[in-house]
Amino acid sequence: MSPNLDDFFERASRRAEMTDGPPALGRVCGVDGCLVRIRLPDPRMGEWVELVSSDGALLLPAEVTGFDGDDVWCSPAGPLTGIGPGWSVRPGFASGVIVSDQLRGRILDGLGRPLDSGGPVRGERLPYDASAPSPLERPLADQPFVTGVRAIDGLCTLARGQRVGLFAGSGVGKSHLMGQLARQAEADVTVVCLVGERGREVVEFLQDNLPVADRANCVMVVATSDQPALVRALAPLCATTIAEWFRDRGHNVLLLVDSLTRMTRALREIHLQMGQSPARRGYPPSVFAGLPRLLERAGTGTCGSITGVYTVLVEGDDLDEPVADEVRGLLDGHLVLARELAELGHYPALDVPRSISRMSGRVTDRAQQELAHRVRAWLASRSSARDLLRIGAVTCGADPLLDEAVARSLRLDDFCRQGPEPTGYKETWRLLEELVRDP
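Residues -6 to 432 in the working numbering are what the sequence shown lists, from first letter to last.
The structure is reproduced here in structure tokens:
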């Protein structure tokens, strides 16, 4: 067949593909930064459309993120290279993530599309955004969530269905602790969402923390830093939808999102480009409006649970920066990693006095609570007197609580410091009891 006939049939095939589905009803009017301005009759917020090149060779999905009069703003799910004023807009793009048991062991992109070589996923398609369960339908959390990390299980005990923040600056062992939780926490299914990470870090997380044998009940959603802002913003919603599907089938799910900060930065990028006014450190108020809707989707359900661990990158180790301050008030507790401990090689670098689990009292008995309160008091007393201890300005007998903490200083560190091996829940409480009982 001649090359001319080959070109003819290829163009005809592209036109035939364009006729499938709804007809093109709009057109591209311009591009501004990361957004595309289109004209589309009767647009709807959150509607997905396809931007189609004039020859039908290129298709770019995009979400309607705002409109002003006849101008409609779309956030694309792919690079804008090649887009031009001759492109048309076709509504009715099938968005959402396909969920089924086939997701176990798979690696997906921020929109729920397979990144690995496992082939397509077959199942039902669910939207990225969904409503949280009714608060009256949520059973109370009454079972501990066992992480295998002594400092958490004994001193900041979590509950199944709890939502907790992991607050950390850069380089203090956040990824290491996330890997420990993904590998050794007691959960039926683990959903890991990595947002804005470098591609190298994704491979390292897999190889160092999730060996092939441990991936059978794990689903990974990955949106690297080079992905469009829309994909980075939707990745946590996609991961939450997957976790909800498993929870509704009676599973206890661990949802790890790293990080909410990079998600809010992606939203800031979109909203500022739309002309919204910056407020708290450059974040438009609308960025924080979606956080409660996302975080409330985790928790207990009628037949399962989602225990959510959401990391927050703390700028300059400032826990009062906007994202950290907002998230801390929405969650059921927070775990703080301290740079001082990381610099001493103390891992996990959990700052116990500054960390809290608001649900520990529901899943521990009185004796366990007394043990935890005693050890937390020792750690807090020692932390507040750290500078005095360094210069030898502490007088023995002046503060009995501090004297007890100093006498047990090495044993306190040994309990809170832990290698890659998990510690059983009963063993954690046995060690804690020995620490308190023996001077």
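From the three backbone atoms N, C-alpha and C, an ideal C-beta is built for every residue, glycine too.
Residue i to residue j span [Cα, whole Å]
i	j	result
V196	A391	53 Å
V29	F198	34 Å
S402	L425	14 Å
D380	D407	21 Å
Q361	L170	24 Å
R369	L249	26 Å
P315	R274	7 Å
W238	W41	22 Å
G89	P341	37 Å
P72	P54	10 Å
I235	V92	6 Å
L364	G292	27 Å
R258	Q177	30 Å
D146	H366	13 Å
L306	Q266	23 Å
L133	R355	9 Å
D219	L51	20 Å
L260	V399	47 Å
Q95	S377	51 Å
P415	A386	38 Å
D344	L337	13 Å
R7	R32	Only weak support exists for where R7 lies, its pLDDT of 46 falling under 50; the value from the coordinates is given anyway. C-alpha separation (whole angstroms): 23 Å.
D61	K419	60 Å
E130	I384	56 Å
G23	A70	16 Å
S350	T150	6 Å
R242	A87	25 Å
V142	G112	36 Å
Among the options, nearest to residue i - alpha-carbon criterion
i	options	result
L247	V212, V21, L337	V212
M421	A144, S252, S47	In the sequence on display, residue 421 carries Thr and not Met. The option with the nearest alpha carbon to T421 is A144.
T304	Q95, F281, A161, H264	A161
S298	L52, F86, T388, Q136	Q136
R433	Q361, L372, Q362	An answer regarding residue 433 cannot be provided, because it is not within the stretch -6 to 432 covered by the chain.
P229	W238, E319, D122	D122
E262	H244, R242, P221	P221
F281	L323, D311, D241, G268	L323
L394	A178, L18, E56, R375	R375
G268	T140, G19, D25, L96	D25
R225	R191, W66, L203	R191
D431	P413, P415, E397	E397
S168	P413, L133, V356, T388	P413
L104	T233, D63, D313	T233
V57	G85, E179, L405, G172	G85
R404	T388, E427, G385	E427
T318	T254, P69, T300	Looking at the sequence shown, residue 318 is not Thr but Asp. Comparing Cα positions, the closest option is T254.
L108	V214, G75, G166	V214
R240	S353, G301, D48	G301
S279	L288, H264, R106	H264
Q173	S46, L223, D207, D358	D207
Per DSSP, cross-strand counterpart(s) of residue i
i	result
N202	DSSP, once it has assigned bridges, lists no residue as partnering N202.
Y276	R273
Y303	G158, V250
E190	T217
D325	According to DSSP, D325 bridges with nothing at all.
I263	Paired residues: none, contrary to the question.
P69	A55
N210	Answer is none; N210 lacks a bridge partner.
E117	V92
G417	In DSSP, G417 forms no bridge with anything.
T293	S298
S350	G326
DSSP state of residue i mapped onto helix, strand, coil
i	result
I145	helix
S88	coil
V356	helix
G172	helix
V45	strand
S377	helix
R369	helix
E130	helix
D396	helix
V139	coil
V184	strand
V21	strand
V429	helix
A331	coil
S81	strand
Distance between beta carbons of residue j and residue i, contact taken as under 8 Å
i	j	result
A125	R290	5 Å
V188	A216	5 Å
P277	P285	Actually they do not touch by this definition, with Cβ atoms about 16 Å apart.
L18	P34	6 Å
H339	R410	5 Å
D181	N210	7 Å
R20	V82	6 Å
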